Amino acid sequence: MINVFNSLLVMILALNLLALGSRSILSVIRIIAIQGILLGILPLILHEGLSIPQVVASLTAISMKGVVIPMVMIHAMKNIRIKREVEPIIGFVPSSILGAVITGSAFLLSNQITVSTGGYENMIIPAAITTILVGFIQLITRYKAISQVVGYLVLENGIYIFSLLLIEAIPLIVEMGMLLDLFVSIFIISIITNHINNAFSSLDTRRLTTLKE
Amino acid sequence: MSLQLIIVAIVGIALSGVVGILLGKSVKCKQALTTIIVLISSVLGLVGAFIGLFSEATSFKFFYWPTIGGALIGLDELSAFFLIPVFLIGGLGAIYGMGYWKLSEHIYSSQKLQLFWGFLVAGMGLLLIGRHVFSFLMGWELMAISAFILVMTEDEEAECRKSGLVYLIATHISTLTLFGFFALWHYATGSFVFQPIGEGILQPGMLNALFFLALIGFGLKAGMMPLHFWLPGAHASAPSHVSAILSGVMLKMGIYGLIRVGLLLPTPPSLWGTIILTVGSISGLLGVVFAIAQHDIKKLLAYHSVENIGIILIGLGIAFLGRTYNQPEWVALGMAGCLLHVWNHSLFKSLLFFGAGSVLHSTGKRNLDIMGGLGKKMPVTALFFLIGAIAISGIPPLNGFVSELFIYIGLIRPTALGDPHAIGLAMTAPVLAMIGALAAACFVKVYSAVFLGSERSEDIKPVHESPKTMLIPMAILAALCVAIGVFPQYVTFILESIIHQKILLNIIPLKIYSFFSLGFVISIVVLYIWMKFRPKKPKEALTWDCGYAKPTSRMQYTATSFGNGFAIMFEWILHSKVHKTKLNDVMPGQVTFESHVNELVLDRFLKPFFRKTQTAFSWFGRFQQGASQNYILYILIAVLFLMAMLVPYNEWFLPFIKN
Amino acid sequence: MIDQIIHMSVYILMPPLLFGIMNKTKAYLAGRRGAPLLQPYYDLIRLFKKKMVISSTTTWVFYAGPIVTMLAVIVAGLLMPLGQSHAIISFTGDFILFAYLFALARFFTTIAAMDTGSAFEGMGVAREMTFSAIIEPGLFFAFLVFVKLSGSMSLTVMLQRNLYGSINQNNFAPLVMVIIGLSIILLAENSRIPVDDPNTHLELTMIHEAMVLDHSGPLLGLIEYAANVKFFILSSLLCTVIVPIFSSDGWLSWLGFLTGIILISFMVGIVESIMARLRMSRVTILLFSAFLLCGSAVIIFER
Amino acid sequence: MVYFQVIIPIALALVALVVPSNRIRPWLIPITGVIHFCLTLWLLFNPEQCYVNSWLILDPVGKIILLNVSILYLVCSFYAAGYLQYRLENKNRIFVACFVAFIGIFTLVCWSYNLGVMWISIEATTLITAPLIYFNKSTQSIEATWKYLMVGSVGIALALLGTFFLAYSAIVGGTDASMDFYYLLKNGGTLNKGWLQAAFILLLIGYGTKMGLAPMHTWKPDAYGEAPGIVGAILSGGVTSGAFLAITRIWQICNVAGETAFTSKILMGIGLFSMLIASIFMMNQRDFKRMLAYSSVEHMGILIIGLSVGTTALFATFFHVIASTMTKGMLFLSSGNINRAYVSKNTRQVTGAIRRLPISGTLFLIGFLAITGTPPFAPFVSEFMILIKAFAAGHLVAGSLYILFMLVIFMGMGVTVLKVVYGKVPKDVVDTPYQDGILTAMPLVAFLVMILVLGIAMPASLTHLLNEAVSFMGKPI
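The listed protein sequences derive, respectively, from chains Z, L, E and P. Per the working numbering, residue 1 is the first one in the first sequence, and the count goes up by one each step. Per the working numbering, residue 1 is the first one in the second sequence, and the count goes up by one each step. Per the working numbering, residue 1 is the first one in the third sequence, and the count goes up by one each step. Per the working numbering, residue 1 is the first one in the fourth sequence, and the count goes up by one each step.
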């Protein structure tokens, strides 16, 4: 079982790098959607005895991260007539190399960190850290507003990966609430993105620098 | 009893302005009503203070305060002594204000002025009876802030706004320094209450830190050089009776603070006294030098406050050294001079500002070079101003001389007794003499430029004598100046009750002095009458003009030309800026000459420094240029930085280093 | 009692005589016969008889000036011992009062002068005040030396204590410096050559005379008399310091004192006839040198 | 009871969505404010109601924050009603709904004893306040909202990660994972040090972003600058104190786990850094609303410093939460009025406010004096006490820096404020429509009265409340 789990995680990490590397925003969003779905599956593998709350939780996660949120974003993209380039500050190749480096170092680092007996941890923790940092990379090195949102999603995914460590500690309501918050925030952000497009006729955050010292 | 009276007085004065506001627009007499409330309460306060001068110290708890204990307010001779000028000038200034800042003439500001006048006086009263950090700071800030509002009365003038800002910043620096002082005090003594520290409890380093914090904090408020930079501007741009109370009374709160701290701290090292003495001499000398260079009558008076603070500090320095070398006589003489000069200065400086105020009120001008001949148009003001001028120059038989006499004797007596430490004190005496001479020169200049001769410019007519409400306070102050000058021995009792030594009269036989000065005054009057009313009536004529055909009033010696000699003598510190048109041909047409002197500290050091700081800070703006990516990057950096603190470097990397 | 009477009469009557002596000396050195010795007295009497001419710009200050000046100078003189005869009044710190009474006199002379609104008087006042700012501290330095020597703070004791008894090689030099300083101060305070020219007729160059241009009649008389008394006081100060009087016998001491003071006025007369007036800027330097002489004397003593 | 406190505002928010009239709708806000305040008072007088279940407990600390925000909200609500009457030109449906719902969600922040729930509700406050910032619908306000959302969401995400770390530290420590605050407090000793410290850092950064501690403060000047003054008041008084509450929670856990030295080091660093940044950017600040934002950064720094000094300074710190909230409210509301009257927030155009708007101008000046620690106003007591305690705890250098920064900030702020308040009124703003009305001026006066009363004679009941909180924070469980 653990092998399946680990291979899924590896796929997720690969998707990270793919997302860093890919050129068109739509494809990035699709990649993130797939990543979301995989994330949703993980808890089901993690525990043999399936309990109703967990099933509910992971189903919601799959639907949210995999379907609803990407739909929202794509919809936001749909009625915005802009060129679908990602426009990174640093190029695709360097950023994907950076991602790879981060991944490696995260794994190195995680060997140093004390972990409790279990087995999943030594895979989960580096994966989580990696995904979070990849999210940061996308947040920091992308000009397009929408791709920053993508970065935020990746960040959230990383945190979700970490939350697998304490699956029984998180009550269902809390998990639901978190997903709801995520959804609402993405929703509002997309609305704002819309407004940005209407106001500036572009999603380039370089336009959003009038407020400064 | 006395304390209760004073509390009543403080509350009354604080509320006086509120009453006026509550009365609303319709009531006409509310200014008078407010003034009457102030008067009644200040009379109560004076009574209380005089009782307090001769009764032993009282202190008791006051209203509830979070997380503190001990006595909040109290009264001892020192506080009572300083309370007297507060209430005196507070009352007289209120009367003066009625005439000077009429409600009918300044509808917008006169209410505000009276309100904050009350707050100012109340604040000073509170800080004087405060025996606890909080009540003290409360009074202190109430005073400082209401003073700021009062300075800002005429805020349409950019000049006024500038000086108000400088004042506000200066006073806040002193407040924060006091925060530091009291925090350190609490750290050292573990208490918020003003209780003397015993000998040898604290380390010398801690004591020095405390002393220097106090010196800066209180020195800023007292306006000692080089911390006087806020003073000339603020005192010049405030309404005159406000300037009077600011430099007559408020500066003394700094002195009070220094004296109080001196009483709280154990025996000082000789360093402290020496520093106070030096600072005092510098303030005195430079204060008067800069005063001579001024053209603006109120700026000039303000610089004279710096000078007098210097004289007061010299007295205080003697007292500090006296404590260091365990010489009760020095302490007695020094404190006597210091305290008496505090009173005297508050009397004659307020008198002079009132006088300048009447001149301003009738001419609307502050520039000395265009005035002249007002002595004939406003004789009463002229007389009072002359008395103030003689007094501030420390010339007998007026009060300024008495306090300076104490200080002189304090400075010179050690030499007479052959004390080993006398040299420093002795060398200060001629400095004081020089200060006196310069002050006299400066006031000859002011008095003659304003009141003597004839108008130097047409646009200061018409001139009228000030109303009674402005003259009466001046009369009272002038009378007090003469009284203290002629009968100093009665004041001496008060001083002795504060310094707890009955030696002043044994050292200086003031009775003889008083007798002779009285005789002197009388003989002046007699001789004057004889001269004035001798049978041969004098013949009127023009001033002797050396046969020049058409003498005009603009040929008179102006204040500037008067001060020129000094300006040359002290050019090394004054750096006066002169703008004049070149005389190129034989028959030059219109020529102009204009000279002014920049403020020593403010214009030459602080302002450039402030600008540099601003530019340096604006450099950091580049880190906040509106790119959300960067902002997120900052967050990441913060996380990584803090996380890096967790890394146990030794156990991770030492292995690699080892092998 | 008898001493007091002599003291007062000498003090009140003698001053004008010194001016007579000075003028006589100058006249002889200039090869003239000169006015009689008692001429100053006649002048005073004449002035007091005269009628006044008052400038129309003046106020009461113009009257008060000469009066206060004269009274102040006279009271100052009461603090000054003449030779071995004690001062009329003397108490601790009276020399401070002494100096400040001169300041008072100066104050009123100057404002009375400014009252006329004349440019020349203004000049005179400005110069007078400027120089006084240097003279006063110099005077205090000189007094400090005597305080240190005598250990007392009242003029009588300070000056009369037999200085030469206590003189030795390390306080001789300072004493000489102080005496030089004092003599410069004497010349400056009484506005004699080389500081000021008492009998020039070019207003621009004068100090004291310029200040009293507009005074006439009794007022001028008061001023003149005050000037005489001032000269008398300061020279008696110098005299008491310089002239060696060992005898405690009243008559001898008086004799010594009078000869001394007359000699001083001779000297001044001689100085006036052999020297020219200095430029104003030079005057400042001269006064500063006096100031520095006295100051360094104090330092040498106090170390 | 808590349910009422949460549900009623949300219900009223739904009502607001359906009410048609732009003119009537704003009056829902005062209604909410009054109801909520009454409920809060009722809670204070019936302490037995403060325990619902292991998730929802109102402990003394929560009480203070709740009371604080409830009062702030009450006063602001009346102002909001008045303010919206001046802004009828643009629709206030969303604004009112969010404004009303905000207090309900915030109540949950104070009640929640489960760190997960707390995180959810704080995130929710972020989201609910975003439309408020966007109210002016200008391009600048869009930009401000965007930055507020992005920076805020990233920060809050880190806070979530921190929460997980905390729970995980329990697992590593040997007990079973939980997000229950009380549980973690009980087993504080057993938590794993490394993970706990990491959790502390992440939570500090995360909630610090919402508090606006430097260097996570960057959204603050933009948001406060572009949002209406009323929103600034709510943000700087409400949201920040909620985040501060969260930080006190984690501080308490670390305290029990014996990590006090570590936390106090980091907190002192961040607090001083915030003050430094504030003083740098306030120095020549022409925009008085951005200036207020930086001043808020400064005061967050002061709170954090107070927390780092530790138990002795907690009283002053909690008092400072209240004092600064009230003063900030006064400043933001008055700045809003001035902004409205001058149609500018740049000191080049805005001068002589004290003549143009006697009440707002005066109170703006007083607010400046109060916030910079001038007696007799409340912030003086708190700031001075924090300083005293810092010295007493031996932080001599930190204390001196604190004074220095306060001085620089005073200079910077003073220059700007004096420009705004004094001087001549420009010709073109004399006849702008806005004048101080009852609803827009009285709230300021109410704040003034509060900070005066708190500064001169603090009511014993409040002292009691604060002491309770201090003892609760201090006592080891």
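By construction, the Cβ of each residue, glycine as well, lies at the ideal position given by its N, Cα and C atoms. Just so you know, these numbers come straight off a predicted model, no measurement behind them.
Is the Cβ-Cβ distance between residue i and residue j less than 9 angstroms?
i	j	result
L/Leu452	L/Phe487	no
L/Leu642	P/Ile201	yes
Z/Met178	P/Trp195	no
P/Ile128	P/Gly206	no
E/Leu219	E/Met8	no
L/Val19	L/Lys28	no
L/Met371	L/Glu465	no
P/Phe377	P/Ile451	yes
E/Val298	E/Phe172	no
L/Leu339	L/Ile499	yes
P/Thr125	P/Val239	yes
L/Pro430	L/Ala422	no
E/Ala112	E/His215	yes
P/Glu481	P/Ala144	This structure cannot settle anything about residue 481 of chain P, because the visible part of chain P is limited to 1 through 477.
L/Ser283	L/Leu220	no
Z/Thr210	P/Trp146	no
L/Gly287	L/Val261	no
List, in order along the chain, the chain L residues whose C-beta lies closer than 9 angstroms to that of residue i?
i	result
P/Ala392	Ala183, His186, Tyr187 and Gly190
Z/Leu15	In chain order: nothing, as chain L lies at least about 21 angstroms away.
E/Lys148	Thr415, Ala416, Gly418, Ala422 and Ala426
Who are the neighbours of residue i on chain Z, taking C-beta pairs under 8 angstroms?
i	result
P/Gln140	Thr210 and Leu211
P/Leu74	Those within 8 angstroms of P/Leu74 in chain Z number zero; the least Cβ separation is about 27 angstroms.
Determine the extent of the beta strand (DSSP E) in which residue i is found, giving its start and end residues.
i	result
P/Glu123	Counting along the chain, P/Glu123 falls outside any beta strand (DSSP E), though it belongs to the alpha helix (DSSP H) covering Leu115 to Ile133.
Z/Ile90	From DSSP, Z/Ile90 is part of no beta strand (DSSP E); its letter is neither H nor E.
L/His579	Lys577 to Lys580
L/His596	Phe593 to His596
L/Gly74	Ile73 to Leu75
What residues from chain E crowd round residue i, counting only those whose CB sits closer than 7 angstroms?
i	result
L/Gln556	Gly117, Ala119 and Gly122
Using the beta-carbon of each residue, which ones in chain E are nearer than 9 angstroms to residue i?
i	result
L/Ile409	Thr92, Gly93, Ile96 and Met153
Would you kindly report the start and end of the unbroken alpha helix (DSSP H) that includes residue i?
i	result
E/Val53	E/Val53 -> not in any alpha helix (DSSP H); beta strand (DSSP E) instead, spanning Val53 to Ser55.
L/Leu213	Pro204 to Ala222
L/Ala302	Ile297 to Thr324
L/Lys30	Lys30 to Phe54
Who are the neighbours of residue i on chain P, taking C-beta pairs under 7 angstroms?
i	result
L/Ile145	Leu369 and Thr374
Can you list the residues of chain L that residue i reaches, using a CB-CB cut of under 7 angstroms?
i	result
P/Val449	Simply none; closest approach about 15 angstroms.
P/Met406	Leu176
Below 8 angstroms on the Cβ atoms is my contact criterion, and I expect residue i with residue j to pass it. Report the Cβ-Cβ distance as a whole number of Å.
i	j	result
L/Ile314	L/Ser281	6 angstroms
Fill in: Those runs of the alpha helix (DSSP H) which lie wholly inside the region 40-72 of chain Z and span at least 4 residues
52-61
Worksheet item: Which full runs of the beta strand (DSSP E) of 3+ residues lie inside the region 439-515 of chain L, going along the chain?
Response: none
Discussion item. My parser needs the alpha helix (DSSP H) runs of 4 or more residues fully inside the region 402-471 of chain P; what are they?
Written reply: 438-456
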